[in-house]
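Protein sequences, first through last, are from chains A and B.
Under numbering that gives the first Met the number 0, think of the first position of the first sequence as 0, with each following residue one higher.
Under numbering that gives the first Met the number 0, think of the first position of the second sequence as 0, with each following residue one higher.
Okay, so here's the structure we're looking at.
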Amino acid sequence: MSGPRTLYEKIWDDHVVERRPDGTSLLYIDRHIIHEVTTPQAFEGLRATGRRVRRPDLVLAVPDHNVPTTKRVENGALLPIKDPQSATQVSTLKANCAEFGIEHIEMTAREQGIVHVVGPEQGFTLPGTTVVCGDSHTSTHGAFGALAFGIGTSEVEHVLATQTLLLKQSKPMEVRVEGQLGFSITPKDVALAICGELGAAGGTGYVLEYTGSAIRDMSIEGRMTVCNMSIEAGARSGLVAPDEKTVAYFADKPRAPKGAVWDQAVAYWRSLATDAGAEYAKSVFIDAAKIAPLVTWGTSPEDVAPITGVVPSPADFADPSKQAAVAKALEYLGLTPGQRLQDVEVQNIFIGSCTNSRIEDLRAAAAVVKGRKLADNIRQALVVPGSGLVKLQAEAEGLDRIFTEAGFEWREPGCSMCLGMNPDKVPAGERCASTSNRNFVGRQGPGARTHLLSPAMAAAAAITGRLTDVRQLVA
Amino acid sequence: MQAFTLLTGTAIPFGQRNIDTDVIIPARHLKAITKAGLGVWAFETIRYNEDGSENPNAIFNQSAYKGAPILIAGDNFGCGSSREHAAWALGDMGVKAIIAPSYSDIFSGNAFKNGILAVVLPQEAVDRLLEVAKEAEITIDLENQVVTTPYQDRFEFQIDPFRKHCLLNGLDEIGITLQMADKISAFEATRDAAKPWLPGAAGLDRKAS
Chain A
0 MSGPRTLYEK
10 IWDDHVVERR
20 PDGTSLLYID
30 RHIIHEVTTP
40 QAFEGLRATG
50 RRVRRPDLVL
60 AVPDHNVPTT
70 KRVENGALLP
80 IKDPQSATQV
90 STLKANCAEF
100 GIEHIEMTAR
110 EQGIVHVVGP
120 EQGFTLPGTT
130 VVCGDSHTST
140 HGAFGALAFG
150 IGTSEVEHVL
160 ATQTLLLKQS
170 KPMEVRVEGQ
180 LGFSITPKDV
190 ALAICGELGA
200 AGGTGYVLEY
210 TGSAIRDMSI
220 EGRMTVCNMS
230 IEAGARSGLV
240 APDEKTVAYF
250 ADKPRAPKGA
260 VWDQAVAYWR
270 SLATDAGAEY
280 AKSVFIDAAK
290 IAPLVTWGTS
300 PEDVAPITGV
310 VPSPADFADP
320 SKQAAVAKAL
330 EYLGLTPGQR
340 LQDVEVQNIF
350 IGSCTNSRIE
360 DLRAAAAVVK
370 GRKLADNIRQ
380 ALVVPGSGLV
390 KLQAEAEGLD
400 RIFTEAGFEW
410 REPGCSMCLG
420 MNPDKVPAGE
430 RCASTSNRNF
440 VGRQGPGART
450 HLLSPAMAAA
460 AAITGRLTDV
470 RQLVA
Chain B
0 MQAFTLLTGT
10 AIPFGQRNID
20 TDVIIPARHL
30 KAITKAGLGV
40 WAFETIRYNE
50 DGSENPNAIF
60 NQSAYKGAPI
70 LIAGDNFGCG
80 SSREHAAWAL
90 GDMGVKAIIA
100 PSYSDIFSGN
110 AFKNGILAVV
120 LPQEAVDRLL
130 EVAKEAEITI
140 DLENQVVTTP
150 YQDRFEFQID
160 PFRKHCLLNG
170 LDEIGITLQM
180 ADKISAFEAT
190 RDAAKPWLPG
200 AAGLDRKAS
């Protein structure tokens, strides 16, 4: 029909219900995942206007942000959520789903977990679909070649009522990561390297497509980690073209197509890759071989440095507004310019979040932890699987015992310490080596100091009690 | 959404400039689960004393203005945070229209989304209305784009034609999209047939395996 197109343009074109003269399009939404925090007012709006949910069969609900990660059932009875507002949000989601005919995964179900882990795991997320959720890390689902992005509460209501959204098309940007990753370099390091390269706003107005041999060689779960952090570089969505790994991933997923329909779906998925000759509005190249294990030293995910490096000085930056931001960040984090990152002591370890809570993440951390103990200065070390199914798999592999024998707490699935909304928080003034995605001021609790890094690096920090080059702990 | 055509009612002569959305609704009320019910917290720091008691001097607490449908505000109303809760809180306290010299873009969008008419009038007109509001009702005629008083005041105002159309007909953005239900249905039918793996992925009757 048209000239060569990018993956993004193909998915976009396939979902346009109507193009409007003002440059916006009404876009059809294939998959809507909802959770307890950003939906109550949307349902209230439906109720007030007497509207129904247009396609309940395209909506899946699961509580994750507010749920405690401690034991949920005792002697067969559900333990109540202590915070009354959290409890109300969780119970409201369940009641709204019952009222509007939406499938709701219970807090105690083994399928429960973080929305962005559950969607793909259930085969609800599929390649070539449009996926939305009232959460900015919906970009995670782009790893499967789905156009996935976060939306606000009014938009949640709009999608529930119409299964569409009125949107302006973004520009496609290629982020090409070429070459082989070094020893112990993980997808999280790639994601942080991209944030550092693009900057926290570099992707604004773009949809990123990750290409190159390092992305092709990466596992599906690794690609999820990379796509997850697209939003930290300012892009609402990040995509990877579906390939044979993508197809294999869905072969055993409960809601993925079966039989003849499966073959039909796979043929479609294979047609989505960017055409030869298609043009990106912008291209960025990253040499995979040059990526070191990275940590953040500031309060923006773009503030990354190799673990072998030092805390920068505001004077290292040309832009005066960045200089001021860096000075403020270093004060918040209690760091001094020139300080070696490997000398920075941490008191808290968080392995989890929609960025790094899948089985490969837990395996990578366990490989470092195995046979070792937490350092004496570690006060809190949590491992929070991304879903009940990830938890079961990890337990079947004995990973839980590796963690608990070292002194970690093995928790129930949820967003946990990523966002300081549930009981899991970093105490004020303390530091956390965290596998999550945001190091903003107060993100993990008021006054909490966050260093973002990979699961293997978080494990290494847990063992030594300070930020550590994981390559020194694994042979 | 309720249609907005002609409104005659009491107007609150508030008039303060640069009222930000933190003043309209403080951040601590964002964990609420309803839009309804936020009205009691609207202008919380103005309406209540530190001990939680009502401040009798606050204009919002004077019996003449409680539940009034029109708010007369100052320049740059609704600046600051983008929270939609600000519009929700105003609507819940009974405000159906605001008159001010200017608004923040985000706030006026949010007000519109929630069926609240944000009338823009020059400062002199607003000053006159602030006086009139102390003794008489004010009329806003959206069809004819004019604000009038019992004292023969007559102030014409401009409004985006699309927003006017939506407000007059009680169409919110969802309502407008729903006018295209036939197109969406046609798209859906084609999609569900061409990609039969997409429908039925979730549902109450479906048991997760």
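Quick reminder that beta carbons are idealized off the backbone N, C-alpha and C, glycines included.
Could you give the residue range of the alpha helix (DSSP H) that holds residue i?
i, result
"residue 195(A)", "186–197"
"residue 462(A)", "454–463"
"residue 84(B)", "84–91"
"residue 150(A)", "Element bounds for residue 150(A): n/a, residue is neither H nor E."
"residue 417(A)", "Taken as a continuous stretch (DSSP letters only), residue 417(A) belongs to no alpha helix (DSSP H), as it is neither H nor E."
"residue 440(A)", "From DSSP, residue 440(A) is part of no alpha helix (DSSP H); its letter is neither H nor E."
"residue 76(B)", "No alpha helix (DSSP H) holds residue 76(B); DSSP gives it neither H nor E."
"residue 388(A)", "387–395"
"residue 107(B)", "104–112"
"residue 281(A)", "Premise fails: residue 281(A) lies in the beta strand (DSSP E), 281–286, not in any alpha helix (DSSP H)."
Quick one: does residue i have its CB under 8 Å from some CB of chain A?
i, result
"residue 94(B)", "no"
"residue 186(B)", "yes"
"residue 203(B)", "yes"
"residue 7(B)", "no"
"residue 190(B)", "yes"
"residue 88(B)", "no"
"residue 34(B)", "yes"
"residue 40(B)", "no"
"residue 99(B)", "no"
"residue 112(B)", "yes"
"residue 182(B)", "yes"
Quick check: residue i and residue j, are their CB atoms within less than 8 Å of each other?
i, j, result
"residue 82(B)", "residue 20(B)", "yes"
"residue 26(A)", "residue 166(A)", "yes"
"residue 55(B)", "residue 74(B)", "no"
"residue 461(A)", "residue 368(A)", "yes"
"residue 361(A)", "residue 395(A)", "no"
"residue 381(A)", "residue 350(A)", "yes"
"residue 390(A)", "residue 422(A)", "no"
"residue 335(A)", "residue 451(A)", "no"
"residue 171(A)", "residue 206(A)", "yes"
"residue 12(B)", "residue 58(B)", "yes"
Just list the residues that DSSP pairs residue i with in beta bridges.
i, result
"residue 347(A)", "379(A), 431(A)"
"residue 18(A)", "24(A)"
"residue 210(A)", "175(A)"
"residue 409(A)", "382(A)"
"residue 47(B)", "53(B)"
"residue 155(B)", "145(B)"
"residue 305(A)", "293(A)"
"residue 172(B)", "In the DSSP output, where bridge partners are listed per residue, residue 172(B) has none listed."
"residue 331(A)", "Residue 331(A) is not bridged to any residue."
"residue 231(A)", "Paired residues: none, contrary to the question."
At the 8 Å Cβ level, is residue i part of the contact set with chain B, yes or no?
i, result
"residue 137(A)", "no"
"residue 439(A)", "no"
"residue 262(A)", "no"
"residue 17(A)", "yes"
"residue 34(A)", "no"
"residue 371(A)", "no"
"residue 123(A)", "yes"
"residue 107(A)", "no"
"residue 301(A)", "no"
Note the first and the last residue of the continuous beta strand (DSSP E) segment covering residue i.
i, result
"residue 295(A)", "293–295"
"residue 132(A)", "129–132"
"residue 138(B)", "137–140"
"residue 12(B)", "10–12"
"residue 236(A)", "236–238"
Taking 8 Å as the CB-CB cut-off, is residue i touching chain E?
i, result
"residue 176(B)", "In the structure shown, chain E cannot be found, because the protein chains are A and B."
Are there any heavy atoms of the ligand SAM lying less than 7 Å away from the beta-carbon of residue i, as far as the coordinates show?
i, result
"residue 183(A)", "No copy of the ligand SAM appears in this structure; indeed no ligand is present at all."
Review point. If you pair each beta-carbon of the segment 453–471 of chain A with each one of the segment 113–133 of chain B, do three or more pairs fall below 8 Å?
Key: Short answer: they don't touch.
Point to revise | the segment 217–231 of chain A contacting the segment 139–146 of chain A, beta-carbon criterion three pairs below 8 Å | key: A contact exists between the segment 217–231 of chain A and the segment 139–146 of chain A.
Practice item. Say whether the segment 381–390 of chain A touches the segment 103–114 of chain A, bearing in mind that this needs 3 or more beta-carbon pairs closer than 8 Å, one atom from each stretch. Key: Contact check between the segment 381–390 of chain A and the segment 103–114 of chain A: three or more CB pairs, one atom from each, fall below 8 Å, which counts as touching.
Point to revise | Given 8 Å, three or more beta-carbon pairs between the segment 29–46 of chain B and the segment 183–201 of chain B | key: No contact exists between the segment 29–46 of chain B and the segment 183–201 of chain B.
Check your understanding: Are the segment 132–140 of chain A and the segment 226–243 of chain A in contact at 8 Å, needing three or more beta carbon pairs?
Key -> Judged by pairs of C-beta atoms under 8 Å, the segment 132–140 of chain A touches the segment 226–243 of chain A, as three or more such pairs exist.
Practice item. Would you check if there are 3 or more beta carbon pairs closer than 8 Å linking the segment 305–313 of chain A to the segment 198–208 of chain A? Key: The count of Cβ pairs closer than 8 Å, one atom from the segment 305–313 of chain A and one from the segment 198–208 of chain A, stays below three, leaving the stretches out of contact.
Check your understanding: Counting pairs of Cβ atoms below 8 Å between the segment 88–99 of chain B and the segment 61–75 of chain B, do you hit three or more?
Key -> Yes, since at least three Cβ pairs between the segment 88–99 of chain B and the segment 61–75 of chain B fall closer than 8 Å, the two stretches touch.
Practice item. State whether the segment 26–35 of chain A contacts the segment 143–158 of chain B, with contact taken as three or more CB pairs (one from each stretch) at a distance under 8 Å. Key: Proximity of the segment 26–35 of chain A to the segment 143–158 of chain B falls short of the contact definition, fewer than three beta-carbon pairs being nearer than 8 Å.
Review point. Can you find at least 3 beta carbon pairs, one from the segment 151–158 of chain A and one from the segment 262–270 of chain A, that sit closer than 8 Å?
Key: No, they do not touch.
Check your understanding: Are the segment 312–321 of chain A and the segment 439–457 of chain A touching by the rule of at least three beta carbon pairs closer than 8 Å?
Key -> The segment 312–321 of chain A and the segment 439–457 of chain A do not touch, with fewer than 3 CB-CB distances between them shorter than 8 Å.
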